[in-house]
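Note sheet for the following structure.
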Amino acid sequence: MIKGFRCCCGDSVPFSACLERSQSHPDDCPFVYPILQGMVNGIRGEVEGISVTSMLNCLRKVVLEQRHDVYIAPKQLFYAFRGQMFHAIAELAQPDGCIAEQRFARRIAGLTISGQPDLIWPKHRLLIDFKTTRRVPQKEVYPHHALQVNIYRWLVEPLYPVDSLEIVYMDMDGAKRMPVPLMDRRKVTATLVARARILKNALDGGPLPERAGPDGLWQCSWCSFPDTCWPKGIPKPAELRTRKETKLQFIKKAREAKEVA
Numbered sequence: 273m274i275k276g277f278r279c280c281c282g283d284s285v286p287f288s289a290c291l292e293r294s295q296s297h298p299d300d301c302p303f304v305y306p307i308l309q310g311m312v313n314g315i316r317g318e319v320e321g322i323s324v325t326s327m328l329n330c331l332r333k334v335v336l337e338q339r340h341d342v343y344i345a346p347k348q349l350f351y352a353f354r355g356q357m358f359h360a361i362a363e364l365a366q367p368d369g370c371i372a373e374q375r376f377a378r379r380i381a382g383l384t385i386s387g388q389p390d391l392i393w394p395k396h397r398l399l400i401d402f403k404t405t406r407r408v409p410q411k412e413v414y415p416h417h418a419l420q421v422n423i424y425r426w427l428v429e430p431l432y433p434v435d436s437l438e439i440v441y442m443d444m445d446g447a448k449r450m451p452v453p454l455m456d457r458r459k460v461t462a463t464l465v466a467r468a469r470i471l472k473n474a475l476d477g478g479p480l481p482e483r484a485g486p487d488g489l490w491q492c493s494w495c496s497f498p499d500t501c502w503p504k505g506i507p508k509p510a511e512l513r514t515r516k517e518t519k520l521q522f523i524k525k526a527r528e529a530k531e532v533a
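Following this line, the structure appears as C-alpha cells:
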C-alpha cells in the first residue's frame, strides 16, 4: 500500500509530512506544494477488488505492494498526475447520456476485477479511453492498451454492450483517435482467468509470482522493489532473453541425455 513519498531529501515520509514541509517552499525540492497535493489527490483510495491496470502490470509488484508499505518517488507519480489533468479537462465536456469515469466490477476465478473506463457512449455502443504518452503510435494502438480496453469491454458488458473501442492518444502536440480491434471474448476471459489464478494464489499466502520477463522489464524502473527481484541490478531485455534461451537449452540437453541413458 502506498503510504508516502520517498523524498528528494533522502527520507521516506508520510504524505502529510511531505506536504507540510513543502509549504515552506524549500529550495531543494523540484516539486511545489500544488503539484505534490495534486499527485496525492490522484492516488486512488481503497477500491473494490483488483484494478484492471494492476491485472496487466507485473503481478509480483502487485503482491509486494499489498504485503508491504510503499514510499514512492514523486517523479513516479508525476506522469499519472499529468495524465489526470488531460482526463479532467476531457470529462468536463461530455455528450448527454455518456458515462464518464464510473467504476465497474466483476468476479472471475475468485477475484473481483474493477476498473473505470474513461467514457462509455451507450447510444453508439462505444467505449473510449484517453492515454497520455511520449510517443503516439503511428499505425496501431499499443498491444497492452488494446488488451486493457478489451478488458474494459468485458467489465461493462453486463450493463452496457460495446461494439466499438477507441483510444485517444494525447501528447504535448495534440491528440490522435485510433480504433481498437475487438478481441475474441474467450481470449480475453482466458487471459484474465490465468492471471487472476496466479494473483489470488499469491495474495492468499502462496509464493510470489514470477519476475517480469524481457518485455515487462520497463516496469522494474518504476517499481519500489527492484532489489527484491534483481539484487545485482535490473538486467537489459536482451540479457534476460539470453539467460532464458540458455536455460531452455540446458533443460533440452538434460532431457536428451536422460532419454539416451
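Residue numbers 273 to 533, in the working numbering, belong to the letters of the sequence shown in order.
C-beta atoms are modelled at their ideal positions from N, C-alpha and C, and glycine is treated no differently.
Compare the Cα-Cα distances from residue i to each of the options and report the closest residue.
{"i": "K333", "options": "E517, P451, W494", "result": "W494"}
{"i": "L331", "options": "G485, A372, A377", "result": "G485"}
{"i": "E373", "options": "D390, T514, P481, F358", "result": "D390"}
{"i": "K347", "options": "I307, A418, D499", "result": "I307"}
{"i": "K459", "options": "A418, Q491, R513", "result": "A418"}
{"i": "G310", "options": "G488, G355, H297, M273", "result": "G355"}
{"i": "D445", "options": "F303, R457, F358, V304", "result": "F358"}
Round the Cβ separation of residue i and residue j to the nearest angstrom and send it over; I've been treating them as touching at under 8 Å.
{"i": "K472", "j": "L383", "result": "5 Å"}
{"i": "R397", "j": "D435", "result": "4 Å"}
{"i": "A345", "j": "R278", "result": "5 Å"}
{"i": "K448", "j": "V421", "result": "Incorrect: roughly 15 Å between the Cβ atoms, too far for contact."}
{"i": "I392", "j": "I371", "result": "4 Å"}
{"i": "I274", "j": "V335", "result": "Not really, about 15 Å apart at Cβ, beyond 8 Å."}
How far does the beta strand (DSSP E) with residue i in it reach, from first residue to last?
{"i": "A447", "result": "446-452"}
{"i": "P286", "result": "284-286"}
{"i": "W490", "result": "Looking at the DSSP string, W490 is not in any beta strand (DSSP E), and its letter there is neither H nor E."}
{"i": "K239", "result": "For residue 239 there is no data in the structure shown, the boundaries of the chain being 273 and 533."}
Determine the DSSP secondary structure at residue i, reduced to helix, strand or coil.
{"i": "V465", "result": "helix"}
{"i": "Y441", "result": "strand"}
{"i": "A484", "result": "coil"}
{"i": "Y432", "result": "coil"}
{"i": "W502", "result": "coil"}
{"i": "K275", "result": "strand"}
{"i": "G321", "result": "coil"}
{"i": "L260", "result": "What is shown of the chain runs 273 to 533, which leaves residue 260 out entirely."}
What is the rounded straight-line gap between the Cα of residue i and the Cα of residue j?
{"i": "P451", "j": "S323", "result": "23 Å"}
{"i": "E531", "j": "E482", "result": "29 Å"}
{"i": "C492", "j": "K395", "result": "41 Å"}
{"i": "D368", "j": "T500", "result": "49 Å"}
{"i": "C290", "j": "H340", "result": "20 Å"}
{"i": "F376", "j": "L454", "result": "20 Å"}
{"i": "P415", "j": "P298", "result": "42 Å"}
{"i": "K508", "j": "P498", "result": "13 Å"}
{"i": "E412", "j": "Y441", "result": "11 Å"}
Would you please verify whether the beta carbon of residue i is less than 7 Å from any beta carbon of chain D?
{"i": "K472", "result": "The structure shown contains no chain D, having only a single protein chain."}
For the alpha helix (DSSP H) holding residue i, just list the boundary residues, first then last.
{"i": "Y343", "result": "Premise fails: Y343 lies in the beta strand (DSSP E), 342-344, not in any alpha helix (DSSP H)."}
{"i": "S326", "result": "324-328"}
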